[in-house]
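Peer 1: Below you'll find the structure I mean.
Quick look at the structure:
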C-alpha cells in the first residue's frame, strides 16, 4: 500500500519511461485488492481465475518497461510482445494448453533476460545516475529466485510443510525487498 501511494504521489516527477514502474505497482495493487475482495467480501473459495490476468499484466508491463528503457520498442518487438500476451490470456481462459505455472516460469525468464540486459547495459555504459538502477537490480533478483519457486511448486506438496513454508517465505521476503527498493527510489526523488 505504501509503495502504491508513494508511486502515485511521485508520478509527476517521473519521465515517460519511469512512469511504467508506477503502472506496475498500480497493477499489482489492484490484483491483490481484487483477490482480497473476491475471497473476503464475496467469499468465493479461490481467486484462481485472476492468475492468468496477473501473469499477462505482469509480463506486459515489465517487458514494455524494459523495452522502453533499452529503446527497443520497434514494431516487430511489440508484435511479439502482443502475441505472447495473447497466448497467455488464451491459455489461461479459453483453451489451456500449458499449465499456468509453466507459463509464469517462461514469462519470468523473459523478464529476467530483459532486466539483466538492462543492468548490464547500464553498468557497461556507466549510467549509475539512473534513478531506478537499484529497483532494476531487485526486480532481477526477485524474478530470478521466483523462477525456481515456480519450477518446484509442483513438488511442494511432497515435501514437509516447514520446507514449503521456507521456500514461500523466501519468495515473499524477496518480494518485500523489491517493493522496498521501489519505496526507497520513490522517496529519493526530489520534489
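Numbering (the numbering used here), first residue to last: 2 to 192. Built from N, CA and C at the ideal position, the CB exists for glycine as well.
Should residue 56 and residue 108 be called a contact, given that it needs their Cβ atoms to be closer than 8 Å?
Peer 2: yes
Peer 1: Please say whether residue 119 and residue 67 have beta carbons closer to each other than 8 Å?
Peer 2: Cβ atoms of residue 67 and residue 119: closer than 8 Å.
Peer 1: Could you tell me whether the Cβ atoms of residue 144 and residue 113 are closer together than 8 Å?
Peer 2: Against a cut-off of 8 Å, the Cβ pair of residue 113 and residue 144 comes out as a contact.
Peer 1: My guess is that residue 58 and residue 183 are in contact by the Cβ rule of under 8 Å, so how many angstroms apart are they, rounded?
Peer 2: At roughly 17 Å, the Cβ-Cβ gap does not stay under 8 Å, so residue 58 and residue 183 are not in contact.
Peer 1: Considering residue 170, what are the terminal residues of the alpha helix (DSSP H) in which it resides?
Peer 2: 162-189
Peer 1: Which whole runs of the alpha helix (DSSP H) in the stretch 42-93 are 4 residues long or more, in chain order?
Peer 2: 52-70 and 76-90
Peer 1: Can the beta-carbon of residue 33 be found less than 8 Å from the beta-carbon of residue 133?
Peer 2: no
Peer 1: Candidates 63, 82, 115 and 47: which alpha carbon is nearest residue 21's?
Peer 2: 63
Peer 1: Could you compute how far the alpha carbon of residue 70 sits from the alpha carbon of residue 89?
Peer 2: 24 Å
Peer 1: Applying the 10 Å Cβ sphere with the 16-neighbour rule, what's the burial state of residue 191?
Peer 2: Residue environment analysis places residue 191 among the exposed positions, since fewer than 16 neighbouring C-beta atoms fall within 10 angstroms of its C-beta.
Peer 1: Below 8 Å between beta carbons: does that hold for residue 168 and residue 175?
Peer 2: no
Peer 1: Buried or exposed: which applies to residue 14, given that a residue is buried once 16 or more other Cβ atoms fall within 10 Å of its Cβ?
Peer 2: exposed
Peer 1: Given a threshold of 16 other Cβ atoms within 10 Å of its Cβ, counted over all protein chains shown, does residue 37 qualify as buried or as exposed?
Peer 2: Classification of residue 37: exposed, given that the 10 Å Cβ count is below 16.
Peer 1: Determine the DSSP secondary structure at residue 11, reduced to helix, strand or coil.
Peer 2: coil
Peer 1: In whole angstroms, give me the CA-to-CA distance for residue 148 and residue 91.
Peer 2: 22 Å
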